[in-house]
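>
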Amino acid sequence: MNVTPSIFKAYDIRGIYPEQLNEEVAYAIGRAFVTFLDVDTVIVGRDMRLSGPSIFENVVRGLTKQGADVIDIGMVSTDQYYYACANLGHAGMMVTASHNPKEYNGFKMVKEMPQLLSGDRGIQDLRRIVETDAYAPSTRKGTVTRKDFSAEFVDDVLSLVDVEALKPLKVIADTGNGMVGPILQRVYEQLPIEFSGMYLDPDGNLPNHGLDPLQPENRAELQARVAAEGADIGFAFDGDGDRFFTIDDRGEFVSGDFLTALMGQYYLEKYPGSKIVYDVRGSWAVPDLITAAGGTPLMERVGHAFIKRRMAAEDAVFGGEVTGHYYFKDFYFADSGIVPSLIIMEMLSKKGVKLSQLLAELEAKYFISGEINTRISGDPKAKMKELAQTFSDGKVEWLDGVSATYKDWHFNARPSNTEPLLRLNLEATSQSLMEEKRDLLLAIIRAEA
1134 MNVTPSIFKA YDIRGIYPEQ LNEEVAYAIG RAFVTFLDVD TVIVGRDMRL SGPSIFENVV
1194 RGLTKQGADV IDIGMVSTDQ YYYACANLGH AGMMVTASHN PKEYNGFKMV KEMPQLLSGD
1254 RGIQDLRRIV ETDAYAPSTR KGTVTRKDFS AEFVDDVLSL VDVEALKPLK VIADTGNGMV
1314 GPILQRVYEQ LPIEFSGMYL DPDGNLPNHG LDPLQPENRA ELQARVAAEG ADIGFAFDGD
1374 GDRFFTIDDR GEFVSGDFLT ALMGQYYLEK YPGSKIVYDV RGSWAVPDLI TAAGGTPLME
1434 RVGHAFIKRR MAAEDAVFGG EVTGHYYFKD FYFADSGIVP SLIIMEMLSK KGVKLSQLLA
1494 ELEAKYFISG EINTRISGDP KAKMKELAQT FSDGKVEWLD GVSATYKDWH FNARPSNTEP
1554 LLRLNLEATS QSLMEEKRDL LLAIIRAEA
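Spelled out as structure tokens, the structure:
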């Protein structure tokens, strides 16, 4: 069948409903999933998007058409979905477009935890099967059974931290009418904290703000409330709950690099001498703090498929990405939003300090730009080669895009997997040097060839 090739992305399938991804396409992808993996049971969950029920119904129709039995786990967050796949040991399809705008839908697909299908490992195979109608012959129609894993999920995530050590912190959490609200309430009601929630009810109309807390406008209200109400901490979750963001007690947004470094320290106290994985965009704070704590920092390409694969291969206990993905060996190497929120509360409770105090030491030493995106009209590879030549007197690496490292600053520039963008991250040992090098790099990136 004819299908829009661009919906088959590096880490998942995502497209606009119904122009790019509709019931017919969902049915075909369900059939292709069983054909490609040759599985007899598939776990299926969905988020709160308005197109979710019909996309869910039709992907299940495709799965059962190919003879697979379906376990329907209902409306869940993505970390609940990963939990179900890991516990039952089955493949899975999650109907979600993560933090994309409400007109999108898609699929996050598990082969077996922690292995997800990715562009180079399965997703393009699905595209070819759909385009050529190359489905395996089927002799039976699969069944559908319903299972609720929420009680087990709550118990297991609570077991990952020392609940008894938690202080009565004042916590505000914004789930943005995404999928985290219901399960977050069930977890947090077990804790000795003063909890206030914002937009906890899943609503595919997204009546309050968008689903991506990396965008400042989507976290502005939470930041204002944390500061105005004197909260100890604020938490923001993306639409499907696999990304997590923190607001400190000043109402300031906390960099994902710094959270990775702090949680890395936490895990090294728990598991001395362990390995921690971080992504190529990360601040020097991450390897510095991990090394100082007796751990081994491992740099990896951006993207959950690469981080999870590396963690499993190295038996790393924790991994973090700048964009708010955090991965845990004791949570099946999966990313979760709820788990890091618990860890940060335990960390603050045991240390008896405010998050702003922990961050002050890092902010005085590490000056990071944050990710700066530039729309590129030409070939991003040509622009990256130009950067490599310009900064050839530094240590140049090509792990993911181009990176160059000097004694007092470093940068990474990499193309987006989904848009014609070049993404720049840089860091220096002073604010003035960071701004100087940022402006120099942007002038090169934005110069017309």
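The opening position of the sequence shown corresponds to residue 1134 in the working numbering, with each subsequent residue numbered one higher.
All residues carry an ideal CB built from backbone N, CA and C; glycine is no exception.
Values in this document were obtained by computation on a predicted structure and should not be read as measured data.
If you draw a straight line from the C-alpha of D1334 to the C-alpha of I1316, how long is it?
Taking the sequence shown and counting its residues from 1, the one referred to as residue 1334 is at position 201. Taking the sequence shown and counting its residues from 1, the one referred to as residue 1316 is at position 183. So the two alpha carbons sit approximately 10 Å from each other.
> Quick test of your reading: D1205 and V1277, contact by CB under 8 Å. State the CB separation rounded to the nearest angstrom.
Reading the sequence shown from its first residue, position 72 is the one you call residue 1205. Reading the sequence shown from its first residue, position 144 is the one you call residue 1277. Contact flag correct, Cβ pair sits at about 6 Å.
> Quick check on T1211: buried or exposed, where buried means 16 or more other Cβ atoms within 10 Å of its Cβ?
For the purposes of this step, residue 1211 is taken as residue 78 along the sequence shown, with counting starting at 1. Its Cβ being crowded by 16 or more others within 10 Å, T1211 is buried.
> Can you confirm whether the stretch 1239-1248 touches the stretch 1141-1152 when touching is taken to mean that 3 or more C-beta pairs between the two stretches lie within less than 8 Å?
By the Cβ test, the stretch 1141-1152 is in contact with the stretch 1239-1248, since at least three Cβ pairs between them sit closer than 8 Å.
> Decide yes or no for the touch test of the stretch 1512-1528 against the stretch 1466-1476: beta carbon pairs closer than 8 Å, at least 3 of them.
Counting C-beta pairs with one atom in each stretch, the stretch 1512-1528 and the stretch 1466-1476 have fewer than three that are closer than 8 Å, which means they do not touch.
> Between S1510, G1511, N1506, E1519, which lies nearest to L1559 when the distance is taken from Cα to Cα?
Along the sequence shown, one-based indexing puts residue 1559 at 426. L1559 has its Cα closest to that of N1506, out of S1510, G1511, N1506, E1519.
> Give a yes or no on whether the C-beta atoms belonging to I1305 and A1360 are separated by under 8 Å.
Here the question's residue 1305 lines up with position 172 in the sequence shown. Here the question's residue 1360 lines up with position 227 in the sequence shown. No, they are not a contact pair.
> Going by DSSP, what residues sit across from V1304 in a beta bridge?
The residue you call residue 1304 lines up with position 171 of the sequence shown. Per DSSP, F1328, I1366.
> For my contact list, G1195 and R1164 are in at a C-beta cut-off of 8 Å; report their separation, rounded to the angstrom.
As a working mapping, residue 1195 is identified with position 62 in the sequence shown. As a working mapping, residue 1164 is identified with position 31 in the sequence shown. Correct: roughly 4 Å between the Cβ atoms.
> Over what stretch of residues does the beta strand (DSSP E) that includes V1535 continue unbroken?
Looking up residue 1535 in the sequence shown gives position 402. Here the beta strand (DSSP E) through V1535 covers 1535-1538.
> If you run the structure through DSSP and keep just helix, strand and coil, what is D1202?
As a first step, residue 1202 is located in the sequence shown; it is residue number 69 there, counting from the start. Note: D1202 maps to strand in three-state DSSP.
> Quick check on DSSP: helix, strand or coil for D1258?
Position 125 of the sequence shown holds residue 1258. Here D1258 sits in helix by DSSP.
> Comparing alpha-carbon positions, which option in R1279, R1182, F1169 lies nearest V1263?
Position 130 of the sequence shown, counting from 1, holds the residue named residue 1263. The candidate whose alpha carbon is nearest that of V1263 is F1169.
> DSSP state of S1251, grouped into three classes?
One-based indexing of the sequence shown puts residue 1251 at position 118. Here S1251 sits in strand by DSSP.
> Are R1260 and T1229 closer than 8 Å when you measure CB to CB?
In the sequence shown, the residue the question calls residue 1260 occupies position 127. In the sequence shown, the residue the question calls residue 1229 occupies position 96. No, these two residues do not count as a Cβ contact at 8 Å.
> For R1273, which of G1511, H1437, T1174 has the nearest alpha-carbon?
Start at 1 with the first residue of the sequence shown, and residue 1273 comes out as number 140. With distances taken between Cα atoms, R1273 lies closest to T1174.
> Could you compute how far the alpha carbon of M1227 sits from the alpha carbon of A1159?
Taking the first residue of the sequence shown as 1, we reach residue 1227 at position 94. Taking the first residue of the sequence shown as 1, we reach residue 1159 at position 26. M1227 and A1159: Cα-Cα distance of roughly 12 Å.
> Would you kindly report the start and end of the unbroken alpha helix (DSSP H) that includes Y1399?
For the purposes of this step, residue 1399 is identified with residue 266 of the sequence shown, where counting begins at 1. Looking at the DSSP string, the run of the alpha helix (DSSP H) that includes Y1399 is 1389-1403.
> How far does the alpha helix (DSSP H) with H1437 in it extend, from its first residue to its last?
What you label residue 1437 is simply residue 304 of the sequence shown in a count that begins at 1. It spans 1437-1447 - the alpha helix (DSSP H) in which H1437 sits, taken as one unbroken run.
> Scan the stretch 1148-1174 and note each continuous alpha helix (DSSP H) run of 4 residues or more that stays entirely inside, going in chain order.
1156-1170
> Could you compute how far the alpha carbon of G1207 sits from the alpha carbon of M1181?
Within the sequence shown, residue 1207 is the residue found at index 74, counting from 1. Within the sequence shown, residue 1181 is the residue found at index 48, counting from 1. Cα to Cα, G1207 sits roughly 10 Å from M1181.
> Going by beta-carbon coordinates alone, are Q1199 and A1269 separated by less than 8 Å?
Counting from 1 along the sequence shown, the entry for residue 1199 is found at position 66. Counting from 1 along the sequence shown, the entry for residue 1269 is found at position 136. Contact: yes.
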